[in-house]
Every structure is written in structure tokens, then in C-alpha cells.
Amino acid sequence: GESVGLHLPTLSVQEGDNSIINCAYSNSASDYFIWYKQESGKGPQFIIDIRSNMDKRQGQRVTVLLNKTVKHLSLQIAATQPGDSAVYFCAENPTNNYGQNFVFGPGTRLSVLP
Amino acid sequence: EAQVTQNPRYLITVTGKKLTVTCSQNMNHEYMSWYRQDPGLGLRQIYYSMNVEVTDKGDVPEGYKVSRKEKRNFPLILESPSPNQTSLYFCASSSTGIEQYFGPGTRLTVT
Chain Z
1 GESVGLHLPT
11 LSVQEGDNSI
21 INCAYSNSAS
31 DYFIWYKQES
41 GKGPQFIIDI
51 RSNMDKRQGQ
61 RVTVLLNKTV
71 KHLSLQIAAT
81 QPGDSAVYFC
91 AENPTNNYGQ
101 NFVFGPGTRL
111 SVLP
Chain H
1 EAQVTQNPRY
11 LITVTGKKLT
21 VTCSQNMNHE
31 YMSWYRQDPG
41 LGLRQIYYSM
51 NVEVTDKGDV
61 PEGYKVSRKE
71 KRNFPLILES
81 PSPNQTSLYF
91 CASSSTGIEQ
101 YFGPGTRLTV
111 T
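One line per chain: the protein sequences are Z and H, in this order. Residue numbers are given in this note's numbering: position 19 of the first sequence equals residue 19, and the series is strictly consecutive. Residue numbers are given in this note's numbering: position 85 of the second sequence equals residue 85, and the series is strictly consecutive.
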């Protein structure tokens with residue numbers, strides 16, 4: 001079945017370094033991909049999205065890269081800060097029907113070391 | 001303040017006792033969804049709604065019901081809860097169907 005997965009379940013980085021969180025997806029027909037951040041005890045928070053007709057999109061301190069050839073998505077966080085410590089989820093929209101059927105990966109826990 | 005609220009935040013109940021988890025948003029969003037989050041499984045969609053009186057099943061709808069009688073509210077109903085429905089539940093809303101705003105979560109334990 002369709003799935004969204006992550007290469008690493010945990011990631012520890014030094015404060016100030018850049019972080020790269022990876023995600024593999026299985027449905028080449030997916031149109032939208034989204035990254036969410038979930039802090040302990042809170043609901044997921046939208047970070048950035050990218051559409052399948054793009055290969056890169058930048059936000060504030062974050063960049064998402066999409067490689068459709070190998071069905072890989074990554075989230076890069078520049079100058080990682082303690083407040084970036086959280087679980088990060090990627091999600092894809094395999095049905096291209098907005099509002100439904102976003103498939104989430106199991107998440108990667110990012111720990112920022114002082 | 002724009003937000004999605006859920007009640008209750010924590011609930012412990014017994015098998016078979018009907019319960020409702022409420023969800024309300026004040027952003028006039030068309031799209032609303034319910035998810036459950038279980039360790040190692042990420043978020044799985046239970047039901048979604050694209051507008052008033054329009055609802056459809058997500059990936060794991062068994063054992064759940066929803067209704068969307070008004071735009072702001074999207075309650076999740078468990079007619080006969082079972083222990084395998086012990087989970088962390090999130091409601092979300094969206095104006096575009098893409099960027100979703102999540103509530104704070106409801107932790108449900110069914111004994």
C-alpha cells in the first residue's frame with residue numbers, strides 16, 4: 001500500500017548546525033508534500049509544503065527539497081536552535097484530493113544538543 | 001485568537017460507554033479532519049469533512065462516527081469504545097485542504 005516513511009527515527013544535532021530530516025514516499029502520483037513539527041504535548045504545526053512540480057522551496061530557516069526520481073523528500077533546518085527540538089512528520093497527498101487522505105510518516109525526533 | 005479547540009483533553013472510560021469528543025474552529029474553515037496518533041504509526045486519518053453535511057471516511061474509520069451540522073464544529077463519536085481505540089486524537093481544520101491547523105489533542109484511554 002501507499003506509505004510515507006522516514007530514514008532515521010531520531011536525529012541529534014549540535015546547536016547552530018544545520019539539520020537534515022529525510023523522508024521517502026511511495027506514490028509517484030502524489031501532488032502535495034508537507035512537513036509538520038510537533039512539540040511535546042502539542043498538536044502538529046505546519047512548517048512548509050511543496051508541490052510536485054517544484055524541486056525546492058524555501059521558508060524562514062527551512063528548505064524543503066523534493067526528488068521525484070527517487071521519491072525522496074527532505075527538510076533542511078539552518079542554524080538549528082533548541083526550540084527546533086520536536087518530532088517532524090512528512091505527509092503526502094496520494095489522492096490529490098485536498099482535505100483528505102494525507103498520509104503521514106511515523107516521524108523523526110530531532111534533539112538539539114547545547 | 002485563531003484556534004482549534006478540543007474537549008475533553010483527557011478522558012478515561014470503559015468499554016462500550018458511548019462518548020463524544022468535540023472539535024470547534026473559529027477560522028471559518030471548510031475542511032476539517034480527525035486523526036489518531038499511535039506510537040510508531042504517526043497520524044492516521046479517521047474521517048474528514050469538506051463542508052457542512054459533507055463527510056467521508058479516512059484510513060481508519062471503523063468504530064467512529066462524525067457529523068458536520070455546522071461549519072465550526074466537527075464532533076467525533078465513539079458509539080461503543082473498545083481498548084484498541086485508546087489513542088491520542090487530533091482534530092484539524094483548513095481553508096485550502098493543504099495547510100492544516102491542529103487542535104491540542106485528546107488523550108483517550110478505554111479500559
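All residues carry an ideal CB built from backbone N, CA and C; glycine is no exception.
Spatial neighbours of residue i within its chain, please: C-beta separation below 7 angstroms, excluding the five flanking residues on both sides.
| i | result |
| --- | --- |
| residue 61(H) | 46 and 47 |
| residue 86(Z) | 37, 38, 39 and 110 |
| residue 12(Z) | 111 and 113 |
| residue 4(H) | 23, 25, 91, 92, 93, 101, 102 and 103 |
By Cβ distance, which residues of its chain are closer than 8 angstroms to residue i, with the 5 residues on each side in sequence left out?
| i | result |
| --- | --- |
| residue 78(Z) | 18, 61, 62 and 63 |
| residue 15(Z) | 80, 81, 82, 112, 113 and 114 |
| residue 45(Z) | 36, 37, 38 and 39 |
| residue 105(H) | 6, 9, 37, 88, 89 and 90 |
| residue 9(Z) | 106, 107, 108 and 109 |
| residue 68(Z) | 28, 52 and 55 |
| residue 67(H) | 55, 74, 75 and 77 |
| residue 41(Z) | none |
Grab me the residues of residue i's own chain with a C-beta within less than 6 angstroms of its C-beta, minus the 5 sequence neighbours each way, in chain order.
| i | result |
| --- | --- |
| residue 80(H) | 16 |
| residue 104(Z) | 89 and 91 |
| residue 95(H) | 29 |
| residue 27(H) | 2 |
| residue 43(H) | 35 and 37 |
| residue 52(H) | 68 and 71 |
| residue 14(H) | 111 |
| residue 12(H) | 109 |
On the DSSP bridge assignment, give the partners of residue i in chain order.
| i | result |
| --- | --- |
| residue 151(H) | The displayed coordinates of chain H run from 1 to 111. Any statement about residue 151(H) would go beyond what the structure contains. |
| residue 48(H) | 33(H) and 56(H) |
| residue 112(Z) | 13(Z) |
| residue 73(H) | 24(H) |
| residue 19(H) | 78(H) |
| residue 49(Z) | 34(Z) |
| residue 92(H) | 33(H) and 102(H) |
| residue 91(Z) | 34(Z) and 104(Z) |
Is the CB-CB distance between residue i and residue j below 8 angstroms?
| i | j | result |
| --- | --- | --- |
| residue 64(H) | residue 50(H) | no |
| residue 90(H) | residue 37(H) | yes |
| residue 108(Z) | residue 21(Z) | yes |
| residue 106(Z) | residue 58(H) | no |
| residue 110(H) | residue 75(H) | no |
| residue 102(H) | residue 43(Z) | yes |
| residue 57(Z) | residue 31(Z) | no |
| residue 100(H) | residue 93(H) | yes |
| residue 66(Z) | residue 33(Z) | yes |
For residue i and residue j, which I take to be in contact (beta-carbon distance under 8 angstroms), what is that distance rounded to the nearest angstrom?
| i | j | result |
| --- | --- | --- |
| residue 98(H) | residue 20(H) | Going by Cβ atoms, the distance from residue 98(H) to residue 20(H) rounds to 28 angstroms, so no, they are not a contact pair. |
| residue 107(H) | residue 10(H) | 5 angstroms |
Applying a beta-carbon distance threshold of less than 9 angstroms, which residues of chain A neighbour residue i?
| i | result |
| --- | --- |
| residue 34(Z) | Structure shown: chain A not included; protein chains present are Z and H. |
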